[in-house]
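Quick note, the sequence shown lines up with residues 106 to 576 if you use the working numbering.
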Amino acid sequence: MTANSPGSILAALLLAAASLAQPCAGESYVFPAGFLWGTATAAHQVEGNNSNSDWWDWEQVPGRIKNGDKSGLADDHYRLYPQDLALARGLGTNSYRFSVEWARLEPEEGKFDEQQVAHYRQMLEACKANGLKPVITLFHFTLPRWMAAKGGWLNPSCVTRFEQFAAFAGQRFGDLADLWCTLNEPVVYLGAGYLKGVFPPGVQDLRQALVVMENLARGHALAARALRSSDRVAAAGAGPAAVVTVAHHMRVFDPARGWHPIDIVATRAVDYIFNKAFLNAITRGRLLFNLPGFPRVDVTIPFGVKSLDILGVNYYSRDLIKFNPRSPILSDQVSPPGCPTNDLGWEIYPEGFYRVLVGAWKDYGLPILVTENGVADGSDSKRSQFLLRHLQAMARAMKEGVPVLGYMHWSLMDNFEWAEGFWPRFGLFRVDYATQERRPTSAAQLYRQIIAQGRIELGKSEEFDADPPGR
Numbered sequence: 106m107t108a109n110s111p112g113s114i115l116a117a118l119l120l121a122a123a124s125l126a127q128p129c130a131g132e133s134y135v136f137p138a139g140f141l142w143g144t145a146t147a148a149h150q151v152e153g154n155n156s157n158s159d160w161w162d163w164e165q166v167p168g169r170i171k172n173g174d175k176s177g178l179a180d181d182h183y184r185l186y187p188q189d190l191a192l193a194r195g196l197g198t199n200s201y202r203f204s205v206e207w208a209r210l211e212p213e214e215g216k217f218d219e220q221q222v223a224h225y226r227q228m229l230e231a232c233k234a235n236g237l238k239p240v241i242t243l244f245h246f247t248l249p250r251w252m253a254a255k256g257g258w259l260n261p262s263c264v265t266r267f268e269q270f271a272a273f274a275g276q277r278f279g280d281l282a283d284l285w286c287t288l289n290e291p292v293v294y295l296g297a298g299y300l301k302g303v304f305p306p307g308v309q310d311l312r313q314a315l316v317v318m319e320n321l322a323r324g325h326a327l328a329a330r331a332l333r334s335s336d337r338v339a340a341a342g343a344g345p346a347a348v349v350t351v352a353h354h355m356r357v358f359d360p361a362r363g364w365h366p367i368d369i370v371a372t373r374a375v376d377y378i379f380n381k382a383f384l385n386a387i388t389r390g391r392l393l394f395n396l397p398g399f400p401r402v403d404v405t406i407p408f409g410v411k412s413l414d415i416l417g418v419n420y421y422s423r424d425l426i427k428f429n430p431r432s433p434i435l436s437d438q439v440s441p442p443g444c445p446t447n448d449l450g451w452e453i454y455p456e457g458f459y460r461v462l463v464g465a466w467k468d469y470g471l472p473i474l475v476t477e478n479g480v481a482d483g484s485d486s487k488r489s490q491f492l493l494r495h496l497q498a499m500a501r502a503m504k505e506g507v508p509v510l511g512y513m514h515w516s517l518m519d520n521f522e523w524a525e526g527f528w529p530r531f532g533l534f535r536v537d538y539a540t541q542e543r544r545p546t547s548a549a550q551l552y553r554q555i556i557a558q559g560r561i562e563l564g565k566s567e568e569f570d571a572d573p574p575g576r
């Protein structure tokens, strides 16, 4: 047992970060001992029957989810997690990121379900038995129905309730987990729910979106403090008992017309809004918006300074920015014509992964955990090359001194992809939703080989070819 202290956390992280600056032998990069290789999922997307959540209610209205899909049983991971964790172990991974569902654990305000506590403890024990270090996410887009009825993150009381939920999670699961992710993609959440209106509560209001960003930042900071206070046991047996991160979606933004001064200015604004404003709030304690056409925001986030121990990065793609005065954010996001894309139309741009990692390290100086990276590929024709090229880009950043502690591939298996329903296929394992059979994709074998070898050949990671290369 090891009690938390800022000093012990800092010492452990600095030691881990220092070990990452390893030399390359020739054109290969050797990953450091202790590197976290993993996969990621989220409760609502895989467990099934999350019937006490706002998302469950949202899905019942026709037209909200593509093809009329509903999460329903999803991957039945709630019941089948033992076999799924065995699949993760079979890949050679040593970590697993997943969420504990707030709507299951606290189905009524202030009343926690001990049966659900027991379920997640059994799951954490199964992670341990399979040699998987858990990374627990507390909020991955879903709210308990009772909290949504009160206004969700628009209501300041959500900040308090989330802090209390974090404290409860730390108390009940802290002896089995050391890595905590408070929020998943907070800017994506507020953008989809309060600007585009495609996530609950289906609002399109910039001022409300900014209030939600402030409350999410406050919620994270207080949850981080609660976790450090409530989780006093190092599950690993030594080192810090609670290491706190947030899974922040970061994208590369470039001007659609590099010669156009307004596109250049718009690109800088979008980069600040999407990539930097929230991170600034939870690392420097100040949420600031002072952009033309935006409401001015300048608020202090209590306990926000240094609320992160490590920075979680989700990376998927790049967008080109073209000025549009009619857009809520005064710009449109487009992809380069003729570029390789995934099934959702997102550009496949491995070089952007390198750029994001280098930029995040430069801007925030925190060790980095890649909390998501993956591709929607129903034909399984691009996944292996996507994985290889992005791991090469990551290794290149690490070779240059960026302290990346681990890589969590999205996702272990196909799942319910929110407003898109079930059709996008992100999994290393293909799921037949009629039978719940899991079948490995070609990328699963590639991932297994790279992990087993512990090294990767460095190539032109910025290029994505039509034909998969040899390794």
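In this text, a Cβ means the ideal position worked out from N, Cα and C, and glycines have one as well. For clarity, every value in this text was computed on a predicted model and none was experimentally measured.
In the DSSP assignment, V461 falls within the unbroken alpha helix (DSSP H) covering P455 to Y469. Two segments are said to touch when three or more pairs of C-beta atoms, one from each, lie closer than 8 Å; by this definition the segment 167-178 touches the segment 521-541. Separation of V316 and L259 (C-alpha to C-alpha, rounded to the nearest whole angstrom) is 6 Å. Around the beta-carbon of V205, 16 or more other beta-carbon atoms lie within 10 Å, marking it buried. R312 counts as exposed, since fewer than 16 other C-beta atoms from the protein chains shown sit within 10 angstroms of its C-beta. Y201 is a Cβ neighbour of G143, given a cutoff of 8 Å. Taking C-beta atoms as the reference points, K427 and D368 count as a pair closer than 8 Å. Sequence-distant Cβ neighbours of F244 in its own chain, meaning closer than 6 Å and more than five residues away, are L288. For C263, DSSP assigns no beta-bridge partner whatsoever.
A distance of 8 Å or more separates the beta carbons of C286 and V370. DSSP places T198 in the coil class of the three-state scheme, outside both helix and strand. At a cut-off of 4 residues, the continuous stretches assigned as alpha helix (DSSP H) that sit fully inside the segment 195-237 are 207-210 and 219-234. The three-state reading of DSSP puts K427 in strand, counting E and B together.
The C-beta separation of H514 from Y552 comes to about 7 Å, placing the pair in contact by the 8 Å criterion.
Residues T287, L288, V351, I387 and S412 of the same chain have their beta carbon placed closer than 7 Å to that of H325, with the five preceding and five following residues left out of the count. In the three-state DSSP reduction, P249 falls in the strand class (E or B). When the five nearest sequence neighbours on each side are left out, the beta carbons in the same chain lying within less than 6 Å of the beta carbon of R209 are those of Q221, in order along the chain.
Straight-line spacing of the CA atoms in E268 and A331 works out to 6 Å. Put simply, the segment 442-456 touches the segment 489-500. At least three CB pairs are less than 8 Å apart. L284 is positioned such that its CB atom lies closer than 8 Å to that of V240. The residue from H224, D414 and P430 with its alpha-carbon nearest to that of P397 is P430. Between P291 and L327, the gap from beta carbon to beta carbon reaches 8 Å or more. For H495, the enclosing alpha helix (DSSP H) has its first and last residue at R488 to K504.
When rounded, the separation of the alpha-carbon atoms in D280 and S335 is 10 Å. Contact between G559 and V135 holds, with the beta-carbon distance rounding to 6 Å and staying under 8 Å.
Here the C-alpha atom of L517 lies approximately 11 Å from the C-alpha atom of R544.
D359 carries a strand assignment under DSSP once its states are collapsed to helix, strand and coil. Unbroken beta strand (DSSP E) stretches of 3 residues or longer found wholly inside the segment 364-402: 391-394, given in chain order.
Distance check between D448 and each of R460, L393, F531 and M503 places F531 closest, using alpha-carbon atoms only. Here DSSP, grouped into helix, strand and coil, assigns P187 to helix. Of all alpha-carbon atoms in N520, V461, A329 and G526, the one lying nearest the alpha-carbon of F358 is that of V461. F244 is bridged by DSSP to L288. Of all alpha-carbon atoms in I555, F203, A549 and S436, the one lying nearest the alpha-carbon of F379 is that of S436. Bounds of any beta strand (DSSP E) do not take in W258, whose DSSP letter is neither H nor E. A direct Cα-Cα distance of roughly 29 Å separates D482 from V507.
When DSSP states are grouped into helix, strand and coil, Y538 belongs to the coil group.
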